[in-house]
Amino acid sequence: MRRNRIFSIIFVLIAVVFMVYFAKRKFMDSSAKVKQADEEIKSLLAKDDIKNGDIIFQSSISKQCEAIKLATHSEYTHCG
Numbered sequence: 011m012r013r014n015r016i017f018s019i020i021f022v023l024i025a026v027v028f029m030v031y032f033a034k035r036k037f038m039d040s041s042a043k044v045k046q047a048d049e050e051i052k053s054l055l056a057k058d059d060i061k062n063g064d065i066i067f068q069s070s071i072s073k074q075c076e077a078i079k080l081a082t083h084s085e086y087t088h089c090g
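Residues 11 to 90 in the working numbering are what the sequence shown spells out, letter by letter.
Structure (structure tokens):
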């Protein structure tokens with residue numbers, strides 16, 4: 011009985027470690043986000059959708075961006 015309980019605890023701990031690892035890679039891996047952004051920019055440039063002098067509006071999902079959205083009543087939080 012005690013052996014099964016220890017095995018269950020170890021299994022749950024290993025499962026939690028794997029979930030945290032994959033969640034971190036999916037949601038917090040900055041290098042993957044940079045690669046994705048580079049690919050999106052290249053595809054937009056290939057279509058001639060973006061030209062010099064264009065103003066680009068964007069939004070993000072950070073807490074600071076949520077504050078900007080609430081203060082400005084806009085869906086965008088940044089421009090460039």
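Each residue gets a CB set at the ideal place from its N, CA and C atoms; glycine is no exception.
Taking 8 Å as the upper bound for CB-CB distance, residue 69 and residue 85 are in contact here, some 6 Å apart.
If you draw a straight line from the Cα of residue 14 to the Cα of residue 25, it is about 16 Å long. Classified as buried, residue 87 has 16 or more neighbouring CB atoms from the shown chains inside 10 Å of its CB.
Between the alpha carbons of residue 58 and residue 89 lies a gap of roughly 19 Å. Annotation: residue 44 to residue 12 spans about 48 Å, alpha carbon to alpha carbon.
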